[in-house]
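S.K.:
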Amino acid sequence: MGLLDRLLGKNKQENPPVHPVSKEEFSEMIRQTIAWYQEVACPCAFPRFIQYTRIDCVDWGKSFSMYETEMIIAHALTFYIKGNEQGEGAIYSCKKCSSTFQFGWSDFSIHVSRSYFKPLQLNATQVGADAQTPIPYYGGFSGHALPDQQLFRHVDAPAFITYIRALKS
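Residue numbers for the sequence shown, in the working numbering: 11 to 179.
(1) In angstroms, rounded to a whole number, what distance separates the CA positions of Thr143 and Arg58?
(2) Tell me whether the beta-carbon of Ile83 lies closer than 8 Å to the beta-carbon of Met76.
(3) Given a threshold of 16 other Cβ atoms within 10 Å of its Cβ, counted over all protein chains shown, does Gln131 qualify as buried or as exposed?
(4) Closest to Pro30 by C-alpha separation, out of Phe170, Arg175 and Tyr102, would be which residue?
(5) Give the secondary structure of Leu13 by DSSP, where H, G and I count as helix, E and B as strand, and everything else as coil.
(6) By how many angstroms is the C-alpha of Lys72 removed from the C-alpha of Leu156?
(7) With a CB to CB cut of under 7 Å and the five nearest residues on each side skipped, what residues in its chain are close to Arg41?
(8) Taking just the CA atoms, how far does Ser108 sit from Thr63?
(9) Compute the beta-carbon to beta-carbon distance between Ala134 and Cys54, rounded to the nearest angstrom, for a pair I have assumed lies under 8 Å.
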């Protein structure tokens, strides 16, 4: 940490990534996790899946997207049936448990777009571990106004995957 950082009270990232992986490798790790959810139950049965898919910058009064949210939603939509458009977005139903989610997407600028996938009705018995804060992330954020970083913590890719795959004890 440099002198200016110490004087200004800025801290270095507490947990810098130990095992860097490319965006493509990280996306594949997420895809494999979503497939694993399907083997165990379905994504709806994992509170930590929902923790990420429901992150919506509008709820925070900010303009950002989170890489994890975008990738998880992109890989999960395969396991849902698209229904009618309703309000802001389309309603999707889980092919296994019939839980319903609202999918929304918007462009804030040429550089920032965001998706969300918020549960409307959960029918799955929860088998995943409860969500925790600060919220772990590996890929991170992009945008014009980011959320309070004290609510998040940077981890390496394997730690992130371990977190989202955790089962109830």
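The C-beta atom is built at its ideal place from N, Cα and C for all residues, glycine as well.
M.R.: The structure says:
(1) 11 Å
(2) no
(3) By the 10 Å Cβ count, Gln131 comes out exposed.
(4) Phe170
(5) Here the model assigns Leu13 a pLDDT of 43, short of 50, so the residue's position is not dependable, and the following value carries that caveat. Of the three classes helix, strand and coil, the one that applies to Leu13 here is helix, per DSSP.
(6) 6 Å
(7) His85
(8) Their backbone Cα atoms lie some 17 Å apart in a straight line.
(9) 4 Å
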